[in-house]
Amino acid sequence: MSKNVLKNEIFDTSKKIYTKKNNKKFYKRVVPRSVDAPASEIIRYGLNNENAAKSMEKNNTMIFICDNRATKPQIKKAVEELYGTSVSKVRTLNTIQGAKKAYVRMVEPGEALRVASKAGIME
Numbered sequence: 000m001s002k003n004v005l006k007n008e009i010f011d012t013s014k015k016i017y018t019k020k021n022n023k024k025f026y027k028r029v030v031p032r033s034v035d036a037p038a039s040e041i042i043r044y045g046l047n048n049e050n051a052a053k054s055m056e057k058n059n060t061m062i063f064i065c066d067n068r069a070t071k072p073q074i075k076k077a078v079e080e081l082y083g084t085s086v087s088k089v090r091t092l093n094t095i096q097g098a099k100k101a102y103v104r105m106v107e108p109g110e111a112l113r114v115a116s117k118a119g120i121m122e
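Residue numbers (numbering that gives the first Met the number 0): 0 to 122.
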């Protein structure tokens with residue numbers, strides 16, 4: 000019985016089948032994802048720099064720094080809970096510094112500026 004080993008697979012020439020080696024000694028994910036986090040934990044703070052002000056005026060979009068483990072639906076639900084507004088789209092990116100940045104687009108025109116001024120993000 001001869002066996003050829005290819006990466007993580009074993010090819011048994013007598014049976015002509017591939018079998019996977021399954022010798023995992025650790026879990027893929029060390030920290031589990033937070034599913035039921037409150038809205039105040041998911042959204043840390045809103046950005047109020049020049050780029051954020053431009054996106055509020057032109058694109059009706061607010062920029063938030065969020066929890067790294069938060070998903071797009073969780074961010075959408077948290078913004079709707081905290082600020083009482085409807086959200087049309089959420090786009091996310093992970094920054095080099097290790098934070099998650101969320102671009103949240105509002106449904107109604109001019110809503111981003113109203114929410115930002117009410118929340119104290121823009122003065």
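Heads up, the beta-carbon is just placed ideally off N, CA and C, and yes, glycines get one too.
- The residue from Glu79, Arg43 and Lys88 with its alpha-carbon nearest to that of Ile64 is Arg43.
- Judged by DSSP secondary structure, Leu92 falls within the beta strand (DSSP E) whose first and last residues are Val86 to Asn93.
- In the structure shown, Met121 falls within a coil segment according to DSSP collapsed to helix, strand and coil.
- Distance from the CA atom of Glu56 to the CA atom of Met121, rounded to whole angstroms, is 12 angstroms.
- Under DSSP, the beta-bridge partners assigned to Arg104 are Thr60 and Lys88.
- Residue burial is scored here from C-beta neighbours: Val106 has fewer than 16 other C-beta atoms within 10 angstroms and is therefore classed as exposed.
- Comparing alpha-carbon positions, the option among Thr70, Leu81 and Glu40 lying closest to Asn93 turns out to be Thr70.
- DSSP lists no beta-bridge partner residue for Gly97.
- For the 8 angstroms CB-CB criterion, Ile95 and Asp66 do not form a contact.
- With contacts defined as CB atoms closer than 8 angstroms, Glu79 and Ser87 fail to qualify as a contacting pair.
- The beta carbon of Gly97 lies closer than 8 angstroms to those of Asn67 in the same chain, with the five residues before and after it left out.
- By the criterion of a C-beta distance shorter than 6 angstroms, Leu46 is surrounded in its chain by Ile62, once the five residues flanking it on both sides are discounted.
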